[in-house]
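Please read the structure below before turning to the comments.
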Amino acid sequence: MEFQLLGAVSVATDVGELPLGPAKRRSLLAALLLRPNHPVPVDQLTAALWDHEPPPQARSVIQGHVSRLRSLFARAGAEMFGVELVTQGSAYVLRMPETLLDAHRFEELVTLARGQRVPADAVAIFQEALSLWQGPALTGAYPSQPLQAAAHALEELRLTSVELLAGGYTRMGEHARAAAVLRAEADVHPLRESLSAGLMRALQRAGRRSEALDRFHRTRRLLADELGVDPGRELADAYAVVLRGEDEDVAQAPAPAPVPAAVPAPAPGTAQGPPRGLYPGTVDLLPRMPRGFHGRAGELTALSRAAAGEAPVCLVTGPAGVGKTALVVHWAHHNRDRFPGGLLYADLRGFSDTGEPALIEVLREFLLALGVAPRRIPESAGSASALFRSLAADRQLLVVLDNARGSEQVRDILPGGARCVTVVTSRYRLRGLIASDAARPVPVDVLEPEDGTALLAAVLGKERVLAETVAARRIAELCGGLPLAIRVAAARLADQPDRSLSAMSAELSDESRRLGLLDVEDTGVRAALRLTVRRLPADAAQHFAYLGRHPGAHVDRYTAAALAGTDPAAAEAALDRLTAAHLVIRAAPDRWTLHDLVRLYARGLDTDPGTLVRGLDHGVATALAAADAAEPGDESCFAPPADFHPPRAVRQFADREQAMAWYAAERDDLASAAAAAHAAGLHGRTWRLVLAQWPQIVWRVRDGWIPLLETALEAARADADLRAQSRILALLGWVLTEEGRLQEAAVHLEAAPALAARSRDPRGEATALVNLSLAQAALGGPQEAAEGCTQAARLARAAGDRHTERLALYHLTRHQLDADEWQSALDTSVAAQALDDPSDPSPASRVLLLTAAGEALLGMGEEAEGVRRLDAAAREAEACGYHDGAVRALGALLQVSADAGLKARYDTAVVRLMERT
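Residue numbering for the sequence shown is 14 to 930, as defined by this note's numbering.
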């Protein structure tokens, strides 16, 4: 996910740009992005959206745009990127990692480039920074004064960077390139004297004196015609230099320190070895430059930033096969000029079948490379380490320690010299090294699909990839963006030039074959993961295997504990170890996920069918706990299965809000669990996992529940459970009614009451009758509908179920209102309110009954009391986010009032309801 201000205001995702909509919404987003992670008051947002007097409904418009942005972010999975648009008092805050914002990355790259002593490095970084610009800043936003000022400030920084880039070319002696860069901008900004002055100097140095003089006279005339002023001092000085034909000093920035011609003299008692490497006198133990390397601009910049300062230790971490070594070796080759003292490299083989090298072996190789005679190398590791540190003290060395297993493995190889840089790579996070040596982490993640596709092209050739771009991208995605996996897939394709990429994509889509296809000879994903898992403590390795049986995309500590048959504390400790080994990813404080290929590997480690059952039963138990918190005092919708495995611990929910948040977060994982149970023939668990979500289904009825409910119905029938069939039919029929599929709804709902009666479930029968009445009323049978609700109320009363009786009476009230039976509707709503449970935190029934009473009073002509009740209902609904109830109550109020504030509240409720649905 990438937020863009340097050009059109936009948000790029893996599947394309988000449809931000009108200019006002883009302007709102731009105003928030200009101050990420800081509260932006509504009055500042108003100033950004309207130049003059804002309309009366400005706040409502802003709220509507904020709601729409939140909806767009949610659909794009912004939470996974740490992006959240929150309300803070009378302000909004866009919380996000600032690295996702192109303007932030641009400013960071400019700052980094300014600190470079080597002109070529500065030029490369300035080029990368300027490549982020896709047009004038904040394009597409409303041209309000605050946004124009921000765009101008960004443009000023861009032009300054162009001038500094030209200065870098000048220091490299590439005056023609400096002139080309400056000419393009000077033509667009002819009144910017610094651009014209720089261009004149570059042209003079390139031997194009006449062009330089012509540029001065054109600029002088333009300044006089447009502004009525003479050239300033900088432009006049440049003219004088060109006129005299002089070549002034080209050092516009601090020049790099001179590179020594040879390695410093060896310590006393040592012998100088022969020069090694590409540069005279420079030690070079680096492996060859990686072939087909592509992308990784962000990680390379992060590594350069981490390598700045005094004696830094850079810690490059990431999962097996993600390309840590390739990244570091690529960076080292491109920065070799920074290390005239030498480039040392050692593979510590922390995750290898061949075993780790002894510390003395690594130090011996380093000392030999630095010119120490073999007979002078100490036999003990401690003495060899001390000699290495003394030799490194005055050198400008790069030391790469690849594939480290632990912090203790590298501490005695750290050079410690003030001008030395150490880069350590590991599959583990090595927190000990961060604590003891202030190591600077540089995390490496999987490749984006575009970079993965480019890596395929680097191996197979652009023509073959361009001929099947969709299949190439799909291969990169099925490889999970893991460079090792992509290279293996490319190797298979390269070995079979007649094989299509589509065929490979189809084969990789089969999960049962995928890991096998991503292994060639002794290289592949399984081999890399096996070595990582082998290094784990036994309990962490066991937990990892159990995680492979989890059907969902995420786990929390309770789920991990249930899968392993342990407690949450032990599970969390194991998850922490697995996170440190990059086998799982912490997505939130109590939420972990696995890379797809890692999940497939873990699944092959555990063959116990009981693991899946334990995980499913944990899902059932937690969903029931959430239902109890969301609808306290309500009857449990089912009993656990006879062979139920109760988990040792189940997440507890403090209130309805926590429970509903859990339902929303776990919806996809619960659906995956139900699908896995259905595929395994565990029918009783399938329908229970679906039916336990009824509070969420009721709350978000128009949210695409029908396929899941149909799966539950199929499972309940296979399980021969009449009570479950009745409950699911009633719920499915109601959802179909809400979606306007009335004929289908009636078929299901007409069967539900009889099934409930046969299973001796009076509450289920009453609920089914109420839901059936809704379809009957919509199909033109109001009398049948009212009779069904009356019967439902009697059944619930006989069963002592006040909750269902209240529900039946409410719907009877609605049918009476539709028939203009005002007094009957008021009497029924009052009777239903008398059954209200004050301890019930759910606002829905109270809001709806208050609304019904208000509508009845309006129909009877008692307008004042009717308005009072409707207003109370609307305010309670708005306060708790019950948008359906707010729309109904406010809509009824608008029938008797044309108040503008009331209309704005109604519009806001409608917008939020539409976004929710």
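Ideal Cβ positions, reconstructed from N, Cα and C, are used throughout, including at glycine.
Predicted model, so just to flag it, every value in this text is computed and none were measured.
#1: Quick one: grab the DSSP three-state call for Gln101.
#2: Can you round the beta-carbon distance between Ser317 and Leu125 to whole angstroms, since I take them to be within the 8 angstroms contact cut?
#3: Extract the residue ranges of the beta strand (DSSP E) inside the region 345-371, only unbroken runs of 3 or more that lie entirely within it.
#4: Within its chain, find whatever has a CB closer than 7 angstroms to the CB of Phe666; leave out the 5 residues flanking it on each side and keep chain order.
#5: Please report how far the alpha carbon of Ser858 lies from the alpha carbon of Gly872, in whole angstroms.
#6: Determine whether the beta carbon atoms of Ala485 and Leu469 lie at a separation below 8 angstroms.
#7: May I ask you to report which of helix, strand or coil DSSP gives Ile373?
#8: Under the three-state reduction of DSSP, which class applies to His761: helix, strand or coil?
#9: Please identify the residue among Tyr559, Ala655, Tyr571, Leu588 whose C-alpha is closest to the C-alpha of Gly617.
#10: Do Ile426 and Leu376 have their beta-carbon atoms positioned less than 8 angstroms apart in this structure?
#11: In the structure shown, what three-state DSSP assignment does Pro948 receive?
#12: Check whether the region 349-362 touches the region 405-415, counting contact only when three or more Cβ pairs, one atom from each stretch, lie closer than 8 angstroms.
#13: If Leu18 sits next to Ala150, beta carbons under 8 angstroms apart, how far is it from one beta carbon to the other, in whole angstroms?
#14: Exposed or buried, which one is Ala319 when buried takes at least 16 other CB atoms within 10 Å?
#15: Let me make sure I understand the geometry here. Which of Thr435, Arg81, Leu107 has the alpha-carbon closest to that of Leu47?
#16: When you compare only the Cα positions, how much space is there between Met213 and Ala89?
#17: Could you give the first and the last residue of the continuous beta strand (DSSP E) run that contains Trp605?
#18: Between which two residues does the beta strand (DSSP E) containing Asp415 stretch?
#19: Please classify Pro277: does DSSP put it in a helix, a strand, or coil?
#20: Could you give the distance in angstroms between the alpha-carbon of Gly308 and the alpha-carbon of Asp464?
#21: Are the region 494-512 and the region 534-548 touching, with three or more C-beta to C-beta distances below 8 angstroms?
#22: Looking only at C-alpha atoms, which of Gly628, Ala586, Phe229, Ala21 sits nearest to His567?
#23: Taking the alpha carbon of Ile447 as the point to measure from, which residue in Leu328, Ala116, Leu256, Ala729 has its own alpha carbon closest?
#24: So the candidates are Asp508, Val326, Glu679, Ala583; which of them puts its Cα closest to the Cα of Val633?
#25: Within this structure, are the beta carbons of Asp609 and Gly493 separated by less than 8 angstroms?
#26: CA-CA distance, Arg810 and Pro653?
#27: Rounding to the nearest angstrom, what Cα-Cα distance links Thr572 and His631 in this structure?
#28: Beta-carbon separation of Glu932 and Leu808 under 8 angstroms?
#29: Assign Ala516 to buried or exposed, taking buried as 16 or more other Cβ atoms, counted over all protein chains shown, within 10 Å of its Cβ.
#30: Decide if Ile138 is buried, meaning its Cβ has at least 16 other Cβ atoms within 10 Å, or exposed.
#31: Identify which residue in Ala791, Ala821, Pro795, Phe119 has its Cα closest to the Cα of Thr803.
#32: For Pro287, which residues in the same chain have their Cβ closer than 7 angstroms to its Cβ, ignoring the five residues on either side in sequence?
#33: To which residues of the same chain is Ala10 closer than 7 angstroms at the C-beta, ignoring the five residues directly before and after it?
#34: Hey, quick one: how far does the beta strand (DSSP E) through Arg476 stretch, first residue to last?
#35: Taking the continuous beta strand (DSSP E) assigned at Arg526, which residues delimit it?
#36: Can you give me the Cβ contacts of Ala832 inside the same chain, cut-off strictly under 7 angstroms, excluding the 5 residues immediately before and after it?
Working from what's here:
#1: strand
#2: 7 angstroms
#3: 355-360
#4: Ala638, Ala639, Ala642, Ala672, Trp675
#5: 21 angstroms
#6: yes
#7: helix
#8: helix
#9: Tyr559
#10: yes
#11: Because the chain here runs from 14 to 930, residue 948 falls outside it and cannot be looked at.
#12: yes
#13: 6 angstroms
#14: buried
#15: Leu107
#16: 49 angstroms
#17: 604-606
#18: 410-415
#19: The predicted model places Pro277 with a pLDDT of 34, which falls under 50 and marks its position as unreliable; any figure quoted below should be read in that light. Three-state result, Pro277: coil.
#20: 6 angstroms
#21: yes
#22: Gly628
#23: Leu328
#24: Glu679
#25: yes
#26: 26 angstroms
#27: 7 angstroms
#28: Because the chain spans 14 through 930 in this model, residue 932 falls outside it and cannot be assessed.
#29: exposed
#30: buried
#31: Ala821
#32: Reliability fails at Pro287, whose pLDDT of 33 lies under 50, so the model's placement of it is uncertain and no value is given.
#33: Shown here, the chain extends from 14 to 930; a query on residue 10 therefore has no answer.
#34: According to the sequence provided, residue 476 is Glu. The question's Arg does not apply to it. First-last for Glu476: 475-480, but that is the alpha helix (DSSP H), not the beta strand (DSSP E).
#35: Note, Arg526: premise wrong, no beta strand (DSSP E); alpha helix (DSSP H) at 524-530.
#36: Pro795
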